[in-house]
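J.:
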Amino acid sequence: MEVGQPSAPTPASIRAATARALDDGRIGYTQALGIGSLRARIARHYREAYDVEVPAERVIVTTGSSGGFILSFLACFEPGARIAITAPGYPAYRNILIALGLEPVAIPVGPETRYALTPELIAKAHAEAPLAGVLTMSPANPTGVVMTPEAIAAVAAECRRLGLWYISDEIYHGLTYDQPATTALAADQDAIVVNSFSKYYCMTGWRVGWLVVPERLVRTIERLQQNLSISVPMLSQVAGEAAFDATVECEAIKEGYAANRAYLLKALPEIGLGDFLPVDGAFYIYLDIGKYSNDSMSFCRDALEQAGVAITPGLDFDEGRGARTVRLSFAGSLAECEDAVARLGRWLKTR
0 MEVGQPSAPT
10 PASIRAATAR
20 ALDDGRIGYT
30 QALGIGSLRA
40 RIARHYREAY
50 DVEVPAERVI
60 VTTGSSGGFI
70 LSFLACFEPG
80 ARIAITAPGY
90 PAYRNILIAL
100 GLEPVAIPVG
110 PETRYALTPE
120 LIAKAHAEAP
130 LAGVLTMSPA
140 NPTGVVMTPE
150 AIAAVAAECR
160 RLGLWYISDE
170 IYHGLTYDQP
180 ATTALAADQD
190 AIVVNSFSKY
200 YCMTGWRVGW
210 LVVPERLVRT
220 IERLQQNLSI
230 SVPMLSQVAG
240 EAAFDATVEC
250 EAIKEGYAAN
260 RAYLLKALPE
270 IGLGDFLPVD
280 GAFYIYLDIG
290 KYSNDSMSFC
300 RDALEQAGVA
310 ITPGLDFDEG
320 RGARTVRLSF
330 AGSLAECEDA
340 VARLGRWLKT
350 R
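The sequence shown: position 201 = 200 (numbering that gives the first Met the number 0), numbered continuously.
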């Protein structure tokens, strides 16, 4: 239960479209910004899914969301710039920022803000030392929390007021259970959106995602892409375009996640693991294990060695408070979730 990756295979229709392109044999470089028809299809997706108009010229195809972060960070920030992120939050944010000579500013968030950044938290961090940007994620990894439209609009407005870049990680869009996710573009067309085909479309290994950026950044990012990767692999782009026609299969996979979620929300408290954050979206449960341990690394190691269950220590996501938290992924099968709960339940009785 440690891997943040769908266990289902890539939908058959996506694989079939890619096989046809492979049989055609003409696989080469594409435009650095991506195949034009894919960029247009992504733009259409924003109109259909969010009722937001996005010109295809502002869409850039990337090597997964990771490529999108690298390109947007390089385009927006000077060395040494400070970028606000949440704690807990996705660890690759701080690692990429540091690797690029930037400074991640991890702002602790809790139940009082539903584990999301607020204008007040951003303003406070900016007053301590100027920020250059703010990065949010909704639905979030590891918390599973979905920001409301009002919360996203408030963050966007504060970034405008302070003159900061607002980057919204929307990789888990499509994977919500009680309320739909809102794109930051609905609040601010100057927001930078990072997304990917990895999670909802079960395409982690294809390494294809996209950015939506303000027009003034397009040429800068195009030059960066030309030199860093030339282009995203053509076959992956073909698969990405086909993905938008695989919604029926993707929704069926999501129903499996929903069943896993419902089971775990009931079963975990029954074995003494009932202190967890709201599970609005994605496929994670972020648990407080404080009554068992204040060392999440040791707790996870013992769970693996003694119970045969792999889970992720909270220190991965929150260097300050993660010693008493762990993340469980429910992207596998219901049978795997049931087996994990049974194993953890027996093991916890021995602690």
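Backbone N, C-alpha and C define an ideal beta-carbon position, used for all residues, glycine too.
For the beta strand (DSSP E) that contains Trp164, what are its first and last residues?
T.: One-based indexing of the sequence shown puts residue 164 at position 165. Residues Trp164 to Asp168.
J.: Name, in chain order, the residues that DSSP records as bridge partners for Thr175.
T.: Position 176 of the sequence shown, counted from the first residue, corresponds to residue 175. Thr175 is bridged to Gly280.
J.: For the alpha helix (DSSP H) containing Val2, list its first residue and its last residue.
T.: Counting from one through the sequence shown, the residue named residue 2 turns up at place 3. Run containing Val2: none; DSSP gives neither H nor E here.
J.: Could you tell me which of Val193, Ala139, Gly208 and Leu184 sits nearest to Leu174, measuring between CA atoms?
T.: Counting from one through the sequence shown, the residue named residue 174 turns up at place 175. The option with the nearest alpha carbon to Leu174 is Ala139.
J.: Could you check which residue in Glu1, Gly3, Ala7 and Met0 has the C-alpha nearest to that of Glu250?
T.: Translated into positions along the sequence shown, residue 250 becomes position 251. With distances taken between Cα atoms, Glu250 lies closest to Ala7.
J.: Round the Cβ separation of Gly63 and Val207 to the nearest angstrom and send it over; I've been treating them as touching at under 8 Å.
T.: To locate residue 63, count along the sequence shown from 1; it is residue 64. To locate residue 207, count along the sequence shown from 1; it is residue 208. Contact flag correct, Cβ pair sits at about 6 Å.
J.: Does the beta-carbon of Gly319 have 16 or more other beta-carbons within 10 angstroms, so that it is buried, or is it exposed?
T.: The residue you call residue 319 lines up with position 320 of the sequence shown. By the 10 Å Cβ count, Gly319 comes out exposed.
J.: List the endpoints of the continuous alpha helix (DSSP H) containing Val217.
T.: Numbered from 1 along the sequence shown, position 218 holds the residue referred to as residue 217. Glu214 to Leu227 is the extent of the alpha helix (DSSP H) around Val217.
J.: So, is Gly3 buried or exposed, given that buried needs 16 or more other C-beta atoms within 10 angstroms?
T.: By one-based count along the sequence shown, residue 3 stands at place 4. Buried: at least 16 other Cβ atoms inside 10 Å.
J.: Please state if the CB of Ser295 and the CB of Val325 are separated by a distance shorter than 8 Å.
T.: Numbered from its first residue, the sequence shown carries residue 325 at position 326. Numbered from its first residue, the sequence shown carries residue 295 at position 296. In contact: Val325 and Ser295 (Cβ atoms closer than 8 Å).
J.: How about Gly271 and Arg323: are their beta carbons less than 8 Å apart?
T.: Indexing the sequence shown from 1 puts residue 271 at position 272. Indexing the sequence shown from 1 puts residue 323 at position 324. In this structure, Arg323 does not lie closer than 8 Å to Gly271 by Cβ.
J.: Between Met0 and Ser332, how many whole angstroms is the CB-CB distance? I'm expecting something under 8 Å.
T.: As a working note, residue 0 is residue 1 in the sequence shown. As a working note, residue 332 is residue 333 in the sequence shown. Incorrect: roughly 11 Å between the Cβ atoms, too far for contact.
J.: Given a cut-off of 8 Å on the beta-carbon distance, is the pair Glu337 and Tyr262 in contact?
T.: Stepping through the sequence shown from its first residue, residue 337 is reached at position 338. Stepping through the sequence shown from its first residue, residue 262 is reached at position 263. Contact: yes.
J.: What whole-angstrom Cβ distance do Asp287 and Phe298 have, given they're in contact under 8 Å?
T.: For the purposes of this step, residue 287 is taken as residue 288 along the sequence shown, with counting starting at 1. For the purposes of this step, residue 298 is taken as residue 299 along the sequence shown, with counting starting at 1. That pair is no contact at about 11 Å.
J.: Looking only at C-alpha atoms, which of Val308, Asp317 and Ala330 sits nearest to Leu347?
T.: For this step, residue 347 is matched to residue 348 along the sequence shown. Nearest of Val308, Asp317 and Ala330 to Leu347, Cα basis: Val308.
J.: Quick one: any contact between the region 151–167 and the region 104–114, if contact means 3 or more CB pairs under 8 Å?
T.: Contact fails: fewer than three Cβ-Cβ distances are below 8 Å.
J.: Who are Trp106's beta bridge partners in DSSP?
T.: Residue 106 sits at position 107 when you count from the first residue of the sequence shown. Strictly speaking, residue 106 in this sequence is Ile, with Trp absent from that position. Answer by DSSP bridge pairing, in chain order: Thr85.
J.: State whether the region 119–130 contacts the region 78–85, with contact taken as three or more CB pairs (one from each stretch) at a distance under 8 Å.
T.: In short, these stretches touch, since the Cβ pair count reaches three.
J.: With DSSP as the reference, please indicate the residues paired to Val58 in a beta bridge.
T.: Residue mapping note: residue 58 aligns to position 59 of the sequence shown, counting from 1. DSSP lists Val211 as partners of Val58.
J.: Taking the beta strand (DSSP E) that Ile191 falls in, what are its first and last residues?
T.: In the sequence shown, residue 191 corresponds to position 192, counting from 1. From DSSP, the beta strand (DSSP E) with Ile191 extends over Ile191 to Ser195.
J.: Our contact map puts Val231 next to Val58 with C-beta atoms below 8 Å; I'd like the distance itself, whole angstroms only.
T.: Locating residue 231 in the sequence shown gives position 232, counting from the first residue. Locating residue 58 in the sequence shown gives position 59, counting from the first residue. Incorrect: roughly 12 Å between the Cβ atoms, too far for contact.
J.: According to the Cβ coordinates, are Ala281 and Tyr171 closer than 8 Å?
T.: In the sequence shown, residue 281 corresponds to position 282, counting from 1. In the sequence shown, residue 171 corresponds to position 172, counting from 1. Result yes, Cβ atoms of Ala281 and Tyr171 sit closer than 8 Å.
J.: Check this for me: beta carbons of Thr9 and Met202, under 8 Å apart or not?
T.: Taking the first residue of the sequence shown as position 1, residue 9 is located at position 10. Taking the first residue of the sequence shown as position 1, residue 202 is located at position 203. In this structure, Met202 lies closer than 8 Å to Thr9 by Cβ.
J.: Taking Thr246 as part of the alpha helix (DSSP H), name the residues at either end of that continuous run.
T.: Residue mapping note: residue 246 aligns to position 247 of the sequence shown, counting from 1. First-last of the alpha helix (DSSP H) with Thr246: Thr246 to Glu269.
J.: Please check the pair Thr112 and Ile151, which I expect to be a contact at CB under 8 Å, by giving their CB distance rounded to whole angstroms.
T.: By one-based count along the sequence shown, residue 112 stands at place 113. By one-based count along the sequence shown, residue 151 stands at place 152. About 13 Å; that fails the 8 Å criterion.
J.: Starting from Val325, trace the beta strand (DSSP E) both ways and give me its first and last residue.
T.: Start at 1 with the first residue of the sequence shown, and residue 325 comes out as number 326. Looking at the DSSP string, the run of the beta strand (DSSP E) that includes Val325 is Thr324 to Ser328.
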